[in-house]
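Protein chains in written order, with my numbering: chain W, 1 to 313; chain C, 1001 to 1313.
There are 2 protein chains.
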Amino acid sequence: MRAITIREGELVIEEHPDPEPGKGELLVRVRAAGLNGADMHQRRGRYPAPPGWPQDIPGMELAGEVAGLGEGTERFAVGDRVMAIVGGGAQAELAVAHERLFMPVPESLDWPEAGGLPEVFVTAQDAIITQAELRPGEHLLVHGGAGGVGTAAIQLARATGARATATVRREELRAQIAELGAEAIECEGFAEHGPFDVILELVGAGNLPENVSSLAVGGRLAVIGAGAGAKGELNLLALMGKRARIFGSTLRARSLEEKALLARRLEHEVLPLFDAGELRVPVAATFPLEQAAAAYERFEAGGKLGKIVLVVQ
Amino acid sequence: MRAITIREGELVIEEHPDPEPGKGELLVRVRAAGLNGADMHQRRGRYPAPPGWPQDIPGMELAGEVAGLGEGTERFAVGDRVMAIVGGGAQAELAVAHERLFMPVPESLDWPEAGGLPEVFVTAQDAIITQAELRPGEHLLVHGGAGGVGTAAIQLARATGARATATVRREELRAQIAELGAEAIECEGFAEHGPFDVILELVGAGNLPENVSSLAVGGRLAVIGAGAGAKGELNLLALMGKRARIFGSTLRARSLEEKALLARRLEHEVLPLFDAGELRVPVAATFPLEQAAAAYERFEAGGKLGKIVLVVQ
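Right, here's the structure in full:
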């Protein structure tokens, strides 16, 4: 099979042996694989794949058709449309992973949408629904609303009866964010739009003092990204006064069973909302697998709304 | 009735009109009232009592005998031994509060123990059991193990099957902390004793970076005190890598119904452990009500193990 391969920071397409499904695993013919911020880090050698996953083939999410069944599998049949978060190896013609990581693709989604769904919707659901426990009637602030996780979080908030506000750096994207259901605001002075019950931080530590001061009593600050700066000042008395909590989260380092649980939760609580027309996967651009380098470049250029997805013919 | 009264930062004893129990309230003849850090702040005008409570009579916890029943009360009879967290007014011969704030005093406790129980055990239970969800087999670190909340937290951890380690500044108190069930260590280099599943911070922000780095994956940092410094540096990437959470908490600003819920939880989960011999209230010293100024001085001098309690003859 052909696969994107990282060679000294460069993305090339190379022939690899076809992977074979082990016990409990599915072999999947990949049709689409979304790009994520972590791919950019991995390409530069700063975010290696967890043990047990392809180390040189990038890609953390995929959608495709089941092409082979390992011993003892029971959830899917050959030909089924499936999607998953994987530890690596998604940007290839074929991939294998444990069947419990896979979810059925909602009927209404095409391949690029399905390939760009798992990471951002699992991340957003886990952060704002499962961990931050966003409730109907509450007010969510998303820092970095135009990214993949941001657009997923805004939609999930709206679908669960919460109100959403999002900081969006690029003015030209604010109308599209508003269409997704959020009030799109400038980063500067965001606290004036509070108080917020939940804040989803996808940017960095620069917002930390103002995040804490703009939380409602009992508010929750979910930190999922810190690309623009990791270290900030935390005022513990302010945190106590708000009876607030701050938590950090990543998906990639979690165990197989934790990731399988995330997949079950997405199936149960979120996937039905796609066919119901309440959620969609904004796709900014698709690139054929062969043009992965251009796709990564597009991802890093920013200013996009939604996902960049590699498609495999 | 006589009551401690704050007059321009001084504690004097003054005559006040006897309080009368309103609808749903109990009149209690106070027998003991524990001192707390917040009393020290209130004396200096920095921590006023919440609305609806005596503004000039300090005291946030008490134990005593029911001396009168307001209209519609149903939980207690005259003469019952009760204790409660109140919004103010505990350091007096008589006090009134809603009956749902009161808990029965365990039989095995004398008055000073009962008067020093509610604040520290409710605070410790709420922080490490209810909010931080400390589990059997986990490892708790308490910063400031010799204080009232610290000694309560250590004992609760042990009683729920968790392991406890406590930083104790004064070397002469470490043997007593060990008797309560914790490994007593120096503040310097505490992280070498980790990783910790839960850290209870009763001191200040100086520990913040090392707290985060010494948490286990999935660890929780409960911030209940920050007297030695409020502002510290938080590394969001470290927080994400640990998938950890930090929360701040205070009791005093909570609503009546929240405080009543805390009392129900203490009754149900913690109070039975006193008569069972698994928990005790360490009392460092008692002072008669008339010597409140000396009691406050003793509290502020530090170096004590357990509670300073005012007793009313």
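All C-beta atoms in this analysis are idealised placements derived from N, C-alpha and C, irrespective of residue type, glycine included.
Query	Result
Give the range of the beta strand (DSSP E) segment to which Met1103 of chain C is assigned.	1102 to 1104
Counting only C-beta atoms, is Arg1243 of chain C closer than 8 Å to chain W at any point?	yes
Which class does Val30 of chain W belong to by DSSP, given the choice of helix, strand or coil?	strand
Mind pulling the chain C residues with CB within less than 8 Å of Ile246 of chain W?	Leu1234, Leu1239, Arg1245, Ile1246, Phe1247
Would you check whether the ligand NAD has a heavy atom nearer than 7 Å to the C-beta of Ala38 of chain W?	Questions concerning the ligand NAD fall outside what the structure shown contains, since it holds no ligand whatsoever.
Arg1007 of chain C: buried (16+ other C-beta within 10 angstroms of its C-beta) or exposed?	exposed
If you measure from the beta carbon of Phe230 of chain W to each beta carbon in chain C, is any gap under 8 Å?	Here residue 230 of chain W turns out to be Ala, not Phe, going by the sequence shown. Yes, contact with chain C.
In chain W, what lies closer than 9 Å to Leu1208 of chain C by C-beta?	Leu234, Leu236
Using a Cβ-Cβ distance cut-off of 8 Å, determine whether Ala1260 of chain C contacts chain W.	no
In angstroms with no decimal places, state the Cα-to-Cα distance between Met103 of chain W and Val270 of chain W.	11 Å
Does the beta carbon of Thr1286 of chain C come closer than 8 Å to any beta carbon on chain W?	no
Less than 8 Å separating the beta-carbons of Val1028 of chain C and Glu1065 of chain C?	yes
Which chain W residues are close to Thr1250 of chain C, counting only those with a beta carbon under 8 Å from its beta carbon?	Met240, Gly241, Arg243
So, is the C-beta of Ala38 of chain W closer than 8 Å to a C-beta in chain C?	no
Going by CA-CA distance only, name the one from W:Ser249, W:Ala263, W:Glu171, W:Ala292 that's closest to Arg100 of chain W.	W:Ala263
Taking the CB atoms as reference points, tell me whether Gln1125 of chain C and Leu1266 of chain C lie closer together than 8 Å.	yes
Assign Phe299 of chain W to one of three DSSP states: helix, strand, or coil.	helix
Nearest by alpha-carbon distance to Val1217 of chain C: which of W:Gly45, W:Ile154, W:Phe247, W:Thr286 is it?	W:Phe247
How would you call Lys1307 of chain C, buried or exposed, if buried means at least 16 neighbouring beta carbons within 10 angstroms?	buried
Among C:Ala1285, C:Ala1295, C:Gly1161, C:Ala1114, whose alpha-carbon lies nearest the alpha-carbon of Ala1032 of chain C?	C:Ala1114
Classify Arg44 of chain W as buried or exposed, calling it buried when 16 or more other Cβ atoms lie within 10 Å of its own Cβ.	exposed
At what residues does the beta strand (DSSP E) containing Lys1231 of chain C begin and finish?	1231 to 1235
Roughly how many angstroms separate the alpha carbons of Leu1035 of chain C and Ala164 of chain W, rounded to a whole number?	44 Å
Exposed or buried, Ser1108 of chain C, counting other C-beta atoms within 10 Å across all chains shown (16 or more means buried)?	exposed
Hey, quick one: how far does the beta strand (DSSP E) through Asp1197 of chain C stretch, first residue to last?	1196 to 1201
Mind listing the chain W neighbours of Ala1226 of chain C? Cutoff is C-beta to C-beta under 8 Å, in chain order.	Leu236, Leu237, Met240
Go through the segment 32 to 63 of chain W residue by residue and report every complete run of the alpha helix (DSSP H) that reaches 4 residues or more, in order.	37 to 43
What residues from chain W crowd round Val1223 of chain C, counting only those whose CB sits closer than 7 Å?	Leu236, Leu239, Met240
Name the chain C residues that come within less than 8 Å of Ala191 of chain W, Cβ to Cβ?	Correct list: empty, because the minimum Cβ distance to chain C is about 18 Å.
Find the residues of chain W that neighbour Ala1294 of chain C, judging by a C-beta separation of less than 9 Å, and give them in chain order.	Ordered by position in chain W, no residue passes the 9 Å Cβ test against Ala1294 of chain C, which lies about 29 Å from the chain.
Using only CA atoms, which one of W:Ile4, W:Gly219, W:Asn207 lies nearest to Gly227 of chain W?	W:Asn207
When you compare only the Cα positions, how much space is there between Glu93 of chain W and Ile85 of chain W?	16 Å
Around the C-beta of Asp1197 of chain C, are 16 or more other C-beta atoms found within 10 angstroms, so that it is buried, or is it exposed?	buried
Does Ala205 of chain W have its Cβ less than 8 Å from a Cβ in chain C?	yes
For a test of the three-state rule: what should DSSP assign to His16 of chain W, helix, strand or coil?	coil
Are Leu173 of chain W and Ile199 of chain W touching if we call contact CB-CB under 8 Å?	no
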